[in-house]
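Undergrad:
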Amino acid sequence: MMAQGGPLEPAVAPLMEAAPIAVSAGRNRVAWLVSHRFSRRWGASRAILFGGGGLAAMCLLCIAVPLLWAYKPDAMSALALQGPSSAHPFGTDELGRDVMARAFDAGRLDISVALFVVAVSSIVGTAIGSGVALTAQRWIDPVVMRLVDALIAFPYLVILLLLVTVIGPGRHLGFLPSGLPAILISFVCLDWTFYSRLARGQAMSLRDREYVLAARLAGFSNTRILVRHIIPIVFRQILAYAVLDAIVTMGALASFSFLGVGVQPPTAEWGNMMFDAQSYISTAPWMLIGPAVLLAVTGLSLSVLADGLLAKGAGDRR
Amino acid sequence: MNRRPSVLAGPAARDLARKVAQAVSVMLLVSITVFFAMRLIPGNPAKDVLGNKATPVAVAALDQRLGLDRPLIAQFWSFLKGVPTLSFGNSLVEEGVSVRHIIFDGLGVTALVVTASTAMSLVVGVPLGLWAALARRQQVVSHSVQSVAVVLLAAPPFLIGLLLIFAFSVKLGLFPVGGWGKGLGSDLSHLALPAVALSGYLIPLVIRTVRQAALDASRELYVEASIARGISSRSIMYKQILPNSLLPLITLIGLNVGTLISGAIVIEAIFALPGLGTALYQAVNALNYTVIEGCAIIAAFSVVIANLSADALYILVDPRVRRQA
Numbered sequence: 023m024m025a026q027g028g029p030l031e032p033a034v035a036p037l038m039e040a041a042p043i044a045v046s047a048g049r050n051r052v053a054w055l056v057s058h059r060f061s062r063r064w065g066a067s068r069a070i071l072f073g074g075g076g077l078a079a080m081c082l083l084c085i086a087v088p089l090l091w092a093y094k095p096d097a098m099s100a101l102a103l104q105g106p107s108s109a110h111p112f113g114t115d116e117l118g119r120d121v122m123a124r125a126f127d128a129g130r131l132d133i134s135v136a137l138f139v140v141a142v143s144s145i146v147g148t149a150i151g152s153g154v155a156l157t158a159q160r161w162i163d164p165v166v167m168r169l170v171d172a173l174i175a176f177p178y179l180v181i182l183l184l185l186v187t188v189i190g191p192g193r194h195l196g197f198l199p200s201g202l203p204a205i206l207i208s209f210v211c212l213d214w215t216f217y218s219r220l221a222r223g224q225a226m227s228l229r230d231r232e233y234v235l236a237a238r239l240a241g242f243s244n245t246r247i248l249v250r251h252i253i254p255i256v257f258r259q260i261l262a263y264a265v266l267d268a269i270v271t272m273g274a275l276a277s278f279s280f281l282g283v284g285v286q287p288p289t290a291e292w293g294n295m296m297f298d299a300q301s302y303i304s305t306a307p308w309m310l311i312g313p314a315v316l317l318a319v320t321g322l323s324l325s326v327l328a329d330g331l332l333a334k335g336a337g338d339r340r
Numbered sequence: 013m014n015r016r017p018s019v020l021a022g023p024a025a026r027d028l029a030r031k032v033a034q035a036v037s038v039m040l041l042v043s044i045t046v047f048f049a050m051r052l053i054p055g056n057p058a059k060d061v062l063g064n065k066a067t068p069v070a071v072a073a074l075d076q077r078l079g080l081d082r083p084l085i086a087q088f089w090s091f092l093k094g095v096p097t098l099s100f101g102n103s104l105v106e107e108g109v110s111v112r113h114i115i116f117d118g119l120g121v122t123a124l125v126v127t128a129s130t131a132m133s134l135v136v137g138v139p140l141g142l143w144a145a146l147a148r149r150q151q152v153v154s155h156s157v158q159s160v161a162v163v164l165l166a167a168p169p170f171l172i173g174l175l176l177i178f179a180f181s182v183k184l185g186l187f188p189v190g191g192w193g194k195g196l197g198s199d200l201s202h203l204a205l206p207a208v209a210l211s212g213y214l215i216p217l218v219i220r221t222v223r224q225a226a227l228d229a230s231r232e233l234y235v236e237a238s239i240a241r242g243i244s245s246r247s248i249m250y251k252q253i254l255p256n257s258l259l260p261l262i263t264l265i266g267l268n269v270g271t272l273i274s275g276a277i278v279i280e281a282i283f284a285l286p287g288l289g290t291a292l293y294q295a296v297n298a299l300n301y302t303v304i305e306g307c308a309i310i311a312a313f314s315v316v317i318a319n320l321s322a323d324a325l326y327i328l329v330d331p332r333v334r335r336q337a
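Protein sequence lines correspond, in order, to chains Z and C. 23 is the number of the first residue of the first sequence in this note's numbering; add one for each residue after it. 13 is the number of the first residue of the second sequence in this note's numbering; add one for each residue after it.
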């Protein structure tokens, strides 16, 4: 066969070059310098910085706006279906409630539910998954993992619907708005399975490392090795997935309320606001746009943050 | 005598047999979970269906018809016997309509939505992923393609669906707002927006997977060897990098069938499609127990079967797995 000479062709050429340097000085030197300083000090990339910053800003706005804004989320404060104006920047809904007040009030609920669910289930799931990987009892692993398989086999929404039906979609509990307790319980009951699967894999790969062996030789108990030497590392690697999961959880909560089995009106929630907005989509699109933009901005911040954390994780491993 | 070893013999077959056994055990667990979850619902199904004013006689009669007066174990056994043939009795709300009928009516639409959006994700995602990995101006392209992925990943499908309705149905009037058509042409126009909305979930995953796989493949020694031997880059691209970049997609799609079905459930609600999801949440709202059981089981089984097919397909198309397994 004739060997083809000549320089490498374009599609393959970049493959042969060294990995490009990640940071390129952009045109905006000041912003670059600030973020560069920051990333040097905190080990955070710009993605982490912007994502985390965006999320923090959204949280602050959701706390501040309902406190400071002139209109209450439940008050019928103006004419119905008014377009955006200086008095009502996001317009008013079909009952004359201020959409901005409602959208930010809903943000409090949505963001805190997402963070709460992810925090609880990631901690529980990591503990269970790592524990299963390290336990001396051989029978525990297949039992727990088949249970996890069975729970994961259901499409997420289907088993959530099932659980919500079992618990009762309209149930109250303490200060939680009607519909939320069922959602919270179902989310946590299900979400830990994903983390336990991830954590089990990670913990198994750590199990035979030298430092774990050293700890074992030093006579540390299994529990201590688990808590001090395995779980912190596993958890760091799981963090990026947890942030992605927060997006999924937020989406699922909104979807559920949209379907009418989640948070019940009159409590403002992005999903049920958008459900109301759907009927007025041609006459009053601002009813949709307010909550949609807030949901998108929060989701985008989380997505950018997760992207940064994933890249950081990949960098750590190299 | 250089006969190719059959796929059906050897370690791969044993691996597959183990996976089949595992899948069957998961299906059994799924059935058990569904059955007992439904029995955990507080109150009496017959009473819920008939309403508060039902006479005890009517409730008892319905109880007997549903078999709810028999011992739990007997109920469970007859339920389990129905699972392989997917017979779950009749709907509690519509008289004389079998659950299987309702399920299969819905499953067709849902499967169509899921398949169409998967196809669309592949058509959009694969070239973008390859481009991000292999383009000459790698940094710029890779960054912009990944930004698209990050943005798409941020939006839940139902939000994309609502925005699509707003843009293409309400403002531009190009597509119907919702519902299901009669005949192929109108079905396709009704399918377009839901499929696009749902593919918003899968596209970023496809992009990331293909990009990473293409990067990995392009760093392999055999690619370097081919370059050294002067094999044209086009041939390297199509014969070595492309097949290896597409392989992980099998696993990706197999793993995401569940999420796609979840997404389809929500999308169906927005676009008023008569799918499995619509049947399911109508059943949930009406506490139509037999239909809930049937839908939950068929949805979970689809996921298990999809995962199993993905594993089998992987063994079929990747000779390396076959030899190792």
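Where is the CB? At the ideal position from N, CA and C, for every residue including glycine. These figures come from a predicted structure and were not determined experimentally.
With a CB to CB cut of under 6 Å and the five nearest residues on each side skipped, what residues in its chain are close to Phe170 of chain C?
TA: For the purposes of this step, residue 170 of chain C is identified with residue 158 of the second sequence, where counting begins at 1. Cβ within range, chain order: Val278 and Ile282.
Undergrad: Can you tell me whether Trp161 of chain Z is buried or exposed? The criterion is at least 16 other CB atoms within 10 Å of its CB, across all chains shown.
TA: Counting from 1 along the first sequence, the entry for residue 161 of chain Z is found at position 139. Answer is exposed; the Cβ neighbour count stays below 16.
Undergrad: Measuring straight from C-alpha to C-alpha, what distance separates Ala78 of chain Z and Thr271 of chain Z?
TA: As a working mapping, residue 78 of chain Z is identified with position 56 in the first sequence. As a working mapping, residue 271 of chain Z is identified with position 249 in the first sequence. Their Cα atoms are separated by approximately 18 Å.
Undergrad: Tell me the DSSP bridge mates of Asn268 of chain C?
TA: Counting from 1 along the second sequence, the entry for residue 268 of chain C is found at position 256. Asn268 of chain C is not bridged to any residue.
Undergrad: How about Tyr217 of chain Z and Ser144 of chain Z: do their beta carbons lie closer than 7 Å?
TA: In the first sequence, counting from the first residue as 1, residue 217 of chain Z sits at position 195. In the first sequence, counting from the first residue as 1, residue 144 of chain Z sits at position 122. Yes, these two residues count as a Cβ contact at 7 Å.
Undergrad: Beta-carbon separation of Leu227 of chain C and Ala145 of chain C under 7 Å?
TA: The residue labelled residue 227 of chain C in the question sits at position 215 within the second sequence. The residue labelled residue 145 of chain C in the question sits at position 133 within the second sequence. Against a cut-off of 7 Å, the Cβ pair of Ala145 of chain C and Leu227 of chain C comes out as a contact.
Undergrad: What number of angstroms, rounded off, separates the C-alpha of Val303 of chain C from the C-alpha of Ile243 of chain C?
TA: Within the second sequence, numbered from 1, the residue matching residue 303 of chain C stands at position 291. Within the second sequence, numbered from 1, the residue matching residue 243 of chain C stands at position 231. Near 59 Å, if we compare the C-alpha coordinates of Ile243 of chain C and Val303 of chain C.
Undergrad: Looking at the unbroken alpha helix (DSSP H) that takes in Ser110 of chain C, where does it start and where does it end?
TA: For the purposes of this step, residue 110 of chain C is identified with residue 98 of the second sequence, where counting begins at 1. Premise fails: Ser110 of chain C is in no alpha helix (DSSP H) and is neither H nor E.
Undergrad: Taking C-alpha atoms, which residue in C:Ser43, C:Val315 and C:Ile219 lies nearest to Val136 of chain C?
TA: Counting from 1 along the second sequence, the entry for residue 136 of chain C is found at position 124. The shortest C-alpha separation from Val136 of chain C is found at C:Ile219.
Undergrad: Grab me the residues of Ala290 of chain Z's own chain with a C-beta within less than 6 Å of its C-beta, minus the 5 sequence neighbours each way, in chain order.
TA: For the purposes of this step, residue 290 of chain Z is identified with residue 268 of the first sequence, where counting begins at 1. Result list for Ala290 of chain Z: Pro95, Arg124, Asp127 and Ala128, in chain order.
Undergrad: If you drop the 5 nearest sequence neighbours on each side, which residues of the same chain put their C-beta closer than 6 Å to that of Ala136 of chain Z?
TA: Here residue 136 of chain Z refers to the residue found at position 114 of the first sequence. These residues qualify, in order along the chain: Ala268, Thr271 and Met272.
Undergrad: Can you round the beta-carbon distance between Glu240 of chain Z and His251 of chain Z to whole angstroms, since I take them to be within the 8 Å contact cut?
TA: As a first step, residue 240 of chain Z is located in the first sequence; it is residue number 218 there, counting from the start. As a first step, residue 251 of chain Z is located in the first sequence; it is residue number 229 there, counting from the start. Looking at the sequence shown, residue 240 of chain Z is not Glu but Ala. 11 Å between Cβ atoms; not a contact.
Undergrad: Count the other CB atoms, across all protein chains shown, that sit within 10 Å of the CB of Thr67 of chain C; report buried if there are 16 or more and exposed otherwise.
TA: Against the second sequence, residue 67 of chain C aligns to sequence position 55. It counts as exposed.
Undergrad: Going by other Cβ atoms of all chains shown within 10 Å of its Cβ, with 16 needed for buried, is His110 of chain Z buried or exposed?
TA: Taking the first sequence and counting its residues from 1, one reaches residue 110 of chain Z at position 88. Result: buried.
Undergrad: Would Glu280 of chain C be called buried (16 or more neighbouring beta carbons within 10 Å of its own) or exposed?
TA: Sequence index remark: in the second sequence, residue 280 of chain C carries index 268 (1-based). Buried is the call here.
Undergrad: Using DSSP's beta-bridge definition, name the partner residues of Leu198 of chain Z.
TA: Mapped onto the first sequence, residue 198 of chain Z falls at position 176. DSSP, once it has assigned bridges, lists Z:Leu195 as partnering Leu198 of chain Z.
Undergrad: How many Å lie between Val342 of chain Z and Arg258 of chain Z at the Cα?
TA: The shown model of chain Z, from 23 to 340, leaves out residue 342 of chain Z, and the question about it has no answer.
Undergrad: Under the three-state reduction of DSSP, which class applies to Asn102 of chain C: helix, strand or coil?
TA: On the second sequence, residue 102 of chain C is found 90 positions in, with the first residue counted as 1. Here Asn102 of chain C sits in strand by DSSP.
Undergrad: Return the CA-CA distance between Leu330 of chain Z and Ala225 of chain C, expressed in angstroms with no decimal places.
TA: Within the first sequence, numbered from 1, the residue matching residue 330 of chain Z stands at position 308. Within the second sequence, numbered from 1, the residue matching residue 225 of chain C stands at position 213. Position check: residue 330 of chain Z holds Gly in this sequence, whereas Leu was assumed. Approximately 20 Å, taken between the alpha carbons.
Undergrad: What residue range is occupied by the uninterrupted alpha helix (DSSP H) comprising Val71 of chain C?
TA: Stepping through the second sequence from its first residue, residue 71 of chain C is reached at position 59. Its alpha helix (DSSP H) spans residues Pro68 to Leu78.
Undergrad: Does any C-beta atom of chain C lie closer than 7 Å to the C-beta of Ser243 of chain Z?
TA: Counted from its first residue, the first sequence places residue 243 of chain Z at position 221. It does not; no Cβ of chain C falls within 7 Å.
Undergrad: Out of curiosity, what's the CA-to-CA distance linking Ser314 of chain C and Asn294 of chain Z?
TA: Working through the second sequence from its first residue, we reach residue 314 of chain C at position 302. Working through the first sequence from its first residue, we reach residue 294 of chain Z at position 272. Roughly 30 Å between the two C-alpha positions.
Undergrad: Around the C-beta of Val125 of chain C, are 16 or more other C-beta atoms found within 10 angstroms, so that it is buried, or is it exposed?
TA: Here residue 125 of chain C corresponds to residue number 113 of the second sequence, with the count starting at 1. Its Cβ being crowded by 16 or more others within 10 Å, Val125 of chain C is buried.
Undergrad: Cβ atoms of Met50 of chain C and Val316 of chain C: under 7 Å apart, would you say?
TA: As a position in the second sequence, residue 316 of chain C is number 304, starting the count at 1. As a position in the second sequence, residue 50 of chain C is number 38, starting the count at 1. No, they are not a contact pair.
Undergrad: Where DSSP assigns a beta bridge to Thr114 of chain Z, which residues make up the other side?
TA: Taking the first sequence and counting its residues from 1, the one referred to as residue 114 of chain Z is at position 92. Bridge partners of Thr114 of chain Z: Z:Asp120.
Undergrad: Beta-carbon within less than 7 Å of Ile172 of chain C's beta-carbon, same chain only, minus the 5 sequence neighbours each way: which residues are those?
TA: Taking the first residue of the second sequence as 1, we reach residue 172 of chain C at position 160. So the qualifying residues of the chain are Ala209 and Gly212.
Undergrad: Between which two residues does the alpha helix (DSSP H) harbouring Ile310 of chain C extend?
TA: Stepping through the second sequence from its first residue, residue 310 of chain C is reached at position 298. Tyr301 to Val329 is the span of the alpha helix (DSSP H), which, as asked, contains Ile310 of chain C.
Undergrad: Touch check for the segment 176-183 of chain C and the segment 96-104 of chain C: three-plus C-beta pairs under 8 Å?
TA: With a cut-off of 8 Å, the segment 96-104 of chain C and the segment 176-183 of chain C do not count as touching, because too few Cβ pairs lie within range.
Undergrad: If we cut at 7 Å on Cβ distances, does Ser67 of chain Z have a partner in chain C?
TA: The sequence position of residue 67 of chain Z within the first sequence is 45, counting from 1. Cβ-Cβ to chain C under 7 Å: no for Ser67 of chain Z.
Undergrad: Between which two residues does the alpha helix (DSSP H) carrying Glu236 of chain C extend?
TA: The residue labelled residue 236 of chain C in the question sits at position 224 within the second sequence. Element bounds for Glu236 of chain C: Leu233 to Ala240.
Undergrad: Please compile the residues from chain C whose C-beta is within a distance smaller than 9 Å of the C-beta of Gly76 of chain Z.
TA: What you label residue 76 of chain Z is simply residue 54 of the first sequence in a count that begins at 1. Here the premise fails: no neighbours, minimum Cβ distance about 10 Å.
Undergrad: So Pro307 of chain Z contacts chain C; which residues on that side make the cut at Cβ distance below 7 Å?
TA: Translated into the one-based positions of the first sequence, residue 307 of chain Z becomes position 285. Correct list: Phe178.
Undergrad: Count the other CB atoms within 10 Å of the CB of Ser247 of chain C; is the residue buried (16 or more) or exposed (fewer)?
TA: Numbered from 1 along the second sequence, position 235 holds the residue referred to as residue 247 of chain C. Ser247 of chain C comes out exposed.
Undergrad: Over what stretch of residues does the alpha helix (DSSP H) that includes Tyr93 of chain Z continue unbroken?
TA: Here residue 93 of chain Z refers to the residue found at position 71 when the first sequence is read from its first residue. Run containing Tyr93 of chain Z: none; DSSP gives neither H nor E here.
Undergrad: To the nearest angstrom, how far is it from the Cα of Arg193 of chain Z to the Cα of Ser279 of chain Z?
TA: Taking the first sequence and counting its residues from 1, the one referred to as residue 193 of chain Z is at position 171. Taking the first sequence and counting its residues from 1, the one referred to as residue 279 of chain Z is at position 257. Those two C-alpha atoms are separated by around 14 Å.
Undergrad: State the Cα-Cα distance for the pair Arg187 of chain Z and Leu281 of chain Z, rounded to the nearest angstrom.
TA: Taking the first residue of the first sequence as 1, we reach residue 187 of chain Z at position 165. Taking the first residue of the first sequence as 1, we reach residue 281 of chain Z at position 259. First, the residue type needs correcting, since residue 187 of chain Z is Thr and not Arg in the sequence shown. Computed Cα separation, rounded: 13 Å.
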